[in-house]
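Data first, discussion second: the structure below is written as structure tokens.
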Amino acid sequence: MSDPPTSPDPPDQPDQPDQSGRRTAVLAAARIAPGWSEERFDRITRLAAKLLDVPMAMINLVAEHQWTKAAHGIEGAPTPLRDSICRHAVDSGTALEVADMTQDGRFEGNVFVTRDPHLRFYAARPLAVEGLDVGTLCVMDTAPRELDEDQRAVLDELAAWAEAELNNASLNALVRRVQEQQRLTGLVLTSADEGIVGCDHDGVVVFANPAALALLGRDEGELVGRRLHDVVHPARPDGTPFPTAQCATHRAMTRGEPLTAHETSFVRSDGTWVPIEQTVAPMRDADALVGSVVTFRDVSARTEIARLKAEFVGVVSHELRTPLTSIRGSLALLGAGVMGPLADEQRPLVDMALANVERLGHLVDDILDLERLDAGRLPLRPAAIDAADLVREVVDLLSPAAQAAGVALAAARPLPAGPVTVDAGRLLQALTNLVGNAVKFTEAGGEVTVRVTTDERAVRVHVTDTGRGIPADRLGSVFDRFVHIDGDATRTKGSGLGLSITRGIVERSGGRVEVASELGVGSTFTVELPRRYDEVSGAAAGPAPVTPTADPQGAP
Amino acid sequence: MSRTILVVDDEPDIRELIRLSLERLGGHRVVACASGAEALGRLPEEPVDGVLLDVRMPGMDGPEVLAALRRTPAGADVPVVFLTASVLEVQMADLRALDVRGVVRKPFDPLALPAEVALAFGWAA
Chain A
1 MSDPPTSPDP
11 PDQPDQPDQS
21 GRRTAVLAAA
31 RIAPGWSEER
41 FDRITRLAAK
51 LLDVPMAMIN
61 LVAEHQWTKA
71 AHGIEGAPTP
81 LRDSICRHAV
91 DSGTALEVAD
101 MTQDGRFEGN
111 VFVTRDPHLR
121 FYAARPLAVE
131 GLDVGTLCVM
141 DTAPRELDED
151 QRAVLDELAA
161 WAEAELNNAS
171 LNALVRRVQE
181 QQRLTGLVLT
191 SADEGIVGCD
201 HDGVVVFANP
211 AALALLGRDE
221 GELVGRRLHD
231 VVHPARPDGT
241 PFPTAQCATH
251 RAMTRGEPLT
261 AHETSFVRSD
271 GTWVPIEQTV
281 APMRDADALV
291 GSVVTFRDVS
301 ARTEIARLKA
311 EFVGVVSHEL
321 RTPLTSIRGS
331 LALLGAGVMG
341 PLADEQRPLV
351 DMALANVERL
361 GHLVDDILDL
371 ERLDAGRLPL
381 RPAAIDAADL
391 VREVVDLLSP
401 AAQAAGVALA
411 AARPLPAGPV
421 TVDAGRLLQA
431 LTNLVGNAVK
441 FTEAGGEVTV
451 RVTTDERAVR
461 VHVTDTGRGI
471 PADRLGSVFD
481 RFVHIDGDAT
491 RTKGSGLGLS
501 ITRGIVERSG
511 GRVEVASELG
521 VGSTFTVELP
531 RRYDEVSGAA
541 AGPAPVTPTA
551 DPQGAP
Chain B
1001 MSRTILVVDD
1011 EPDIRELIRL
1021 SLERLGGHRV
1031 VACASGAEAL
1041 GRLPEEPVDG
1051 VLLDVRMPGM
1061 DGPEVLAALR
1071 RTPAGADVPV
1081 VFLTASVLEV
1091 QMADLRALDV
1101 RGVVRKPFDP
1111 LALPAEVALA
1121 FGWAA
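If you're matching them up, the sequences are chains A and B in order. Take 1 as the starting number for the first sequence in this note's numbering and just add one per residue. Take 1001 as the starting number for the second sequence in this note's numbering and just add one per residue.
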């Protein structure tokens, strides 16, 4: 009984979970699955049995357990690794040939030897997929025997064939995967709720998803192959010409500049205009602009909601204001003794009613202001002014309130000139909110100081108090509406809208508001505005009117 | 100096406040009307020194009442001051451009109204 030509001992630890895991992954990726027979593998086992004159031949795959891809003369069944004979060839990665298994310790007690089919002879060649041994082509007999050199060469050839088929399966799987991915991508595009249009770098449509076609009321032939601008912007909604050069969509597409949450209108095939929010994303291939993807959706519902909200707020405010005016007027006449002197015990009640009706009035005014800021409809009339003048005015205005609260309110000296271009009345309102807040949150004996600083870019107004300060975790939300810094609305009697309005006014003026605070030391609110340069070539460099999300030429 | 003022405003509360303010504080006499039509009817039989005319009213609005007034003998020369809740400067300018002495803003402070009205009409306080 001679030893098989190449059969080194299999590793001591037969279970290599890492290895079997990798094999499982490779087989899964190659889409080599059990459960169905394939003629291209059956053919090999049939031929192996015939050429080598053995009763049984199999192609087995070995991962977490062993399963059969093809079998001739024997039933293949899933086999646990401990019973697998093939795994000895797979683990070693070399040919295995056992003339008589009953004489080989490795197979002592193996069920395939001791029971049906009572194997004696076994010869196998490992099969690799993508470089990893995952199975065998093996031939078996119930009587001991040996292969001669020719037969071994035949087995080598057949194994190479089987391996090629396995890898071919892997290639087919790759093709199927790419096709599946393409199908999924297509499904995503066609299922998307948003209109998605792909354009080349001239703004010509090369792809449009069904949502885009539905939104524009067009079929593919009317859109693909034409410039998007020509289709959706044949003119402006008011009928005036819409030159390509002024189209933000077209500009973004041809210059490769991204455009985000941009509002415009597209015309539908029936001539109606749809308010649109669009995003233009440039497509680059190795830095060259190849085109862009325009994603857009109908925002008429949102536009309508915004309009209804504005109308609602407007009506409610007006309906609130009218009775408030009557109440305030009546109380004012009563309080002034116009209708006869008030008794001592009557006066506090009238004063309380008056103070609260004033508060309600301010709240209604604030809500209206905020609504108009939100809608971009707060009319601003920018003019060249000196921020220092505004600071002096605010300090004068709030001095009585500060005095009553025992707070020392002053403008820092010297107060440098702060040339800005803003709506003086609205900025005064913004600063009044800040200084009024500072006074309100500073204990008697404290100080509120208003400073102006300038540099080559900006003019800053700093309102510093010696109040109790704002906790760090609330600093981020002080400008949110209805936020009370100390969490107590009744104590401070504010609307909780003042800082939101301040921020809105300052941002609409091209500036920004910041806050820094230290608990127990005080807070500083800083309004930063762009500096105006009248002296530079005579051009006022004030903030341009800020309309962040509209075509500059006015397409809605 | 006491004057007779025709007040035209569709809101009864506001009419009453104006009347109280101008009569009790300003020492004037007030003739109050709820609409332009009523005012046009009253004017021939009730000579007044001035008309305080609300701009936003159902039916004829302020400017329409003004135009009708100017076409009547009794109203052709009477000084008129608008009363408006408008806050827009452009609208205020449009109103001032009409044949009026001035514009008083709503909401008004009833304690300050007599002085405001006198100023608008150009009357010595």
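Ideal Cβ placement from N, Cα and C applies to all residues, glycine included.
Apart from the five residues just before and just after A/I74, which ones in its own chain have a Cβ nearer than 6 Å to its Cβ?
The count along the first sequence starts at 1 and reaches residue 74 of chain A at position 74. Same-chain partners within the cutoff: M56.
Can you list the residues of chain B that A/T322 reaches, using a CB-CB cut of under 7 Å?
Start at 1 with the first residue of the first sequence, and residue 322 of chain A comes out as number 322. The contacting residues are E1011.
Here's the rule: buried if 16 or more other CB atoms are within 10 angstroms of the residue's CB, otherwise exposed. What is A/V330?
If you number the first sequence from 1, residue 330 of chain A lands on position 330. Sequence check: residue 330 of chain A is Ser here, not Val. Its Cβ being crowded by 16 or more others within 10 Å, A/S330 is buried.
Three or more beta-carbon pairs under 8 Å between the region 446-453 of chain A and the region 402-414 of chain A, yes or no?
yes
Under 7 Å, CB to CB, which of the residues in the region 1111-1124 of chain B have a partner in chain A?
L1111
Any idea what DSSP makes of B/I1014, helix, strand or coil?
As a working note, residue 1014 of chain B is residue 14 in the second sequence. Here B/I1014 sits in helix by DSSP.
Quick one: is B/I1014 buried, meaning 16 or more other Cβ sit within 10 Å of its Cβ, or exposed?
Start at 1 with the first residue of the second sequence, and residue 1014 of chain B comes out as number 14. That one is buried.
Here's the rule: buried if 16 or more other CB atoms are within 10 angstroms of the residue's CB, otherwise exposed. What is A/I505?
Counted from its first residue, the first sequence places residue 505 of chain A at position 505. A/I505 is buried by the Cβ-count criterion.
What does the alpha-carbon distance come out to for the pair A/I196 and A/R321?
Residue mapping note: residue 196 of chain A aligns to position 196 of the first sequence, counting from 1. Residue mapping note: residue 321 of chain A aligns to position 321 of the first sequence, counting from 1. Rounded to the nearest angstrom, the two C-alpha atoms are 47 Å apart.
Decide if A/P241 is buried, meaning its Cβ has at least 16 other Cβ atoms within 10 Å, or exposed.
Here the question's residue 241 of chain A lines up with position 241 in the first sequence. In the assembly as shown, A/P241 is an exposed residue. Its beta-carbon has fewer than 16 other beta-carbons within 10 Å.
On the DSSP bridge assignment, give the partners of A/M140 in chain order.
One-based indexing of the first sequence puts residue 140 of chain A at position 140. Paired residues: A/M56 and A/Y122.
Using C-beta distances below 7 Å, list every residue in its chain close to A/L390, excluding the 5 sequence neighbours before and after it, in chain order.
In the first sequence, the residue the question calls residue 390 of chain A occupies position 390. Answer for A/L390: A424, L427, L428 and L431, listed in chain order.
When the distance is taken between beta carbons, is A/L497 closer than 9 Å to A/R481?
Taking the first sequence and counting its residues from 1, the one referred to as residue 481 of chain A is at position 481. Taking the first sequence and counting its residues from 1, the one referred to as residue 497 of chain A is at position 497. Yes.
From the DSSP secondary-structure annotation, give me the bridge partner or partners of A/Q66.
As a first step, residue 66 of chain A must be located in the first sequence, where it is residue number 66. For A/Q66, which the question treats as bridged, DSSP gives the partners A/V62 and A/T79.
Could you spell out the range, first to last residue, of the alpha helix (DSSP H) harbouring A/R177?
Working through the first sequence from its first residue, we reach residue 177 of chain A at position 177. Residues E149 to S191.
Mind checking the region 1018-1033 of chain B against chain A and listing, in chain order, the residues whose C-beta falls within less than 9 Å of any C-beta there?
I1018, L1020, S1021, R1024 and L1025
Between the region 269-280 of chain A and the region 217-225 of chain A, do three or more beta carbon pairs fall short of 8 Å?
yes
Just grab the DSSP bridge partners of A/R227 for me.
Here residue 227 of chain A is taken as the residue at index 227 of the first sequence, counted from 1. DSSP, once it has assigned bridges, lists A/V204 as partnering A/R227.
What first and last residue would you give for the alpha helix (DSSP H) that runs through A/S37?
Residue 37 of chain A sits at position 37 when you count from the first residue of the first sequence. Segment: none, A/S37 is in no alpha helix (DSSP H) and carries neither H nor E.
Quick one: Cα of A/Q246 to Cα of A/L289, how far?
The residue you call residue 246 of chain A lines up with position 246 of the first sequence. The residue you call residue 289 of chain A lines up with position 289 of the first sequence. Distance between the alpha carbons of A/Q246 and A/L289 is about 20 Å.
Show which residues of chain A have a CB atom less than 9 Å away from the CB atom of B/D1109.
As a first step, residue 1109 of chain B must be located in the second sequence, where it is residue number 109. In chain order: R328, G329 and A332.
How do the region 1003-1022 of chain B and the region 333-344 of chain A stand: do at least 3 beta-carbon pairs fall below 8 Å, yes or no?
yes
Suppose you measure from the CA of B/V1103 to the CA of B/D1077; what does that come to, to the nearest Å?
What you label residue 1103 of chain B is simply residue 103 of the second sequence in a count that begins at 1. What you label residue 1077 of chain B is simply residue 77 of the second sequence in a count that begins at 1. Answer to the nearest angstrom: the Cα atoms are 17 Å apart.
Cβ of A/T502 within 9 Å of Cβ of A/V527?
Stepping through the first sequence from its first residue, residue 502 of chain A is reached at position 502. Stepping through the first sequence from its first residue, residue 527 of chain A is reached at position 527. Yes, these two residues count as a Cβ contact at 9 Å.
Is there at least one Cβ from chain B nearer than 9 Å to A/A336's Cβ?
As a working mapping, residue 336 of chain A is identified with position 336 in the first sequence. Judged by the 9 Å Cβ criterion, A/A336 is in contact with chain B.
Of all the options B/G1036, B/R1029 and B/A1085, which has the alpha carbon lying nearest to the alpha carbon of B/P1063?
Translated into the one-based positions of the second sequence, residue 1063 of chain B becomes position 63. Checking every option, the nearest Cα to that of B/P1063 belongs to B/G1036.
Does DSSP put A/P416 in a helix, in a strand, or in coil?
In the first sequence, the residue the question calls residue 416 of chain A occupies position 416. It is coil, neither helix nor strand.
Using a Cβ cut-off of 8 Å, which residues of the region 260-275 of chain A contact any Cβ in chain B, in chain order?
Result list empty, no residue passes.
Check each candidate in A/V463, A/N356 and A/T260 and name the one with the smallest Cα separation from A/A388.
Taking the first residue of the first sequence as 1, we reach residue 388 of chain A at position 388. Considering only alpha carbons, the answer is A/V463.
If we cut at 9 Å on Cβ distances, does B/A1074 have a partner in chain A?
Taking the first residue of the second sequence as position 1, residue 1074 of chain B is located at position 74. Not an interface residue.
Which same chain residues end up closer than 7 Å to A/P243 when comparing Cβ atoms and leaving out the 5 residues on each side of it in sequence?
The count along the first sequence starts at 1 and reaches residue 243 of chain A at position 243. The beta carbon of A/P243 sits closer than 7 Å to no other beta carbon from its chain once the five residues preceding and following it are set aside.
Run the CB neighbour count on A/G225, radius 10 Å, all protein chains shown included, and call it buried at 16 or more, exposed below.
Counted from its first residue, the first sequence places residue 225 of chain A at position 225. Burial call: exposed.
So what's A/I557 in DSSP terms, helix, strand or just coil?
Because chain A in this structure spans residues 1 to 556, residue 557 of chain A falls outside the shown range and cannot be described.
Can you tell me whether DSSP reads B/A1120 as helix, strand or coil?
Mapped onto the second sequence, residue 1120 of chain B falls at position 120. In the structure shown, B/A1120 sits in a helix (DSSP, three-state: H, G or I).
Using a Cβ-Cβ distance cut-off of 9 Å, determine whether A/R381 contacts chain B.
Counting from one through the first sequence, the residue named residue 381 of chain A turns up at place 381. Interface residue, yes.
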